[in-house]
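What follows is one structure encoded as structure tokens, with my remarks underneath.
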Amino acid sequence: MTYSPPPGQYPGGQQPGGYPGGQPGYGAVDPASGLPYSDKSKLIAGLLGILLGSFGAGRFYTGHTGIAIGQIAATWLTCGLGALWPLIDGIMILVNGGTDAQGRPLRPN
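Position 97 (the sequence shown) corresponds to 97 in full-length UniProt numbering; numbering is contiguous.
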């Protein structure tokens with residue numbers, strides 16, 4: 001006969017959500033807001049915003065398609081002057097973080 005824990009309980013008192021003291025990743029929770037981290041990285045989103053921001057790449061990566069299309073339109077309709085918006089947006093994501101389309105904070109690596 002095998003032992004199985006009752007529904008909702010895990011052996012050894014461990015609950016899902018990552019390893020204690022581990023690096024933030026899948027299942028980890030943001031200590032400031034208590035929300036689970038996104039599967040998207042803050043570093044990648046920021047670099048995409050800086051390097052390919054005129055194509056909306058950073059915002060497409062995080063799932064904000066409306067903002068991404070706005071960045072593309074601003075860049076092309078102003079003959080390149082609007083590329084300052086995604087550049088600053090990418091820097092702000094790197095410095096302050098951001099959220100994905102579901103409102104979860106981006107992973108801080």
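Don't be surprised by glycine CBs; every beta carbon is placed ideally from N, CA and C.
Practice item. Helix, strand or coil for ARG107, going by three-state DSSP, please let me know. Key: The count along the sequence shown starts at 1 and reaches residue 107 at position 107. ARG107: strand per DSSP, three-state reduction.
Check your understanding: Looking at GLY70 and GLY90, is the spacing between their C-beta atoms short of 7 Å?
Key -> The residue labelled residue 90 in the question sits at position 90 within the sequence shown. The residue labelled residue 70 in the question sits at position 70 within the sequence shown. No.
Review point. What are the boundary residues of the alpha helix (DSSP H) that includes PHE60?
Key: In the sequence shown, counting from the first residue as 1, residue 60 sits at position 60. Unbroken alpha helix (DSSP H) run through PHE60: 57-62.
Check your understanding: Once you ignore the five residues that flank ALA101 on each side, which residues in its own chain have a CB closer than 7 Å to its CB?
Key -> Along the sequence shown, one-based indexing puts residue 101 at 101. Same-chain partners within the cutoff: THR62, GLY63 and HIS64.
Check your understanding: If you follow the alpha helix (DSSP H) that THR75 is part of, which residue opens it and which one closes it?
Key -> For the purposes of this step, residue 75 is taken as the residue at position 75 of the sequence shown. Run containing THR75: 65-77, per the alpha helix (DSSP H) assignment.
Check your understanding: The alpha helix (DSSP H) spanning ALA45 covers which residue range?
Key -> The residue you call residue 45 lines up with position 45 of the sequence shown. Unbroken alpha helix (DSSP H) run through ALA45: 42-52.
Exercise for review: Per DSSP, which residues does VAL29 bridge with? Please list them.
Suggested key: The residue given as residue 29 occupies position 29 in the sequence shown. Answer is PRO36, bridged to VAL29.
Review point. Do GLN102 and the ligand HEM come close, with the Cβ less than 6 Å from some heavy atom?
Key: Only the bare structure without any ligand can be found here, which leaves the ligand HEM out of the picture.
Exercise for review: Return the first residue and the last residue of the alpha helix (DSSP H) that GLY90 is part of.
Suggested key: Residue mapping note: residue 90 aligns to position 90 of the sequence shown, counting from 1. Its alpha helix (DSSP H) spans residues 84-96.
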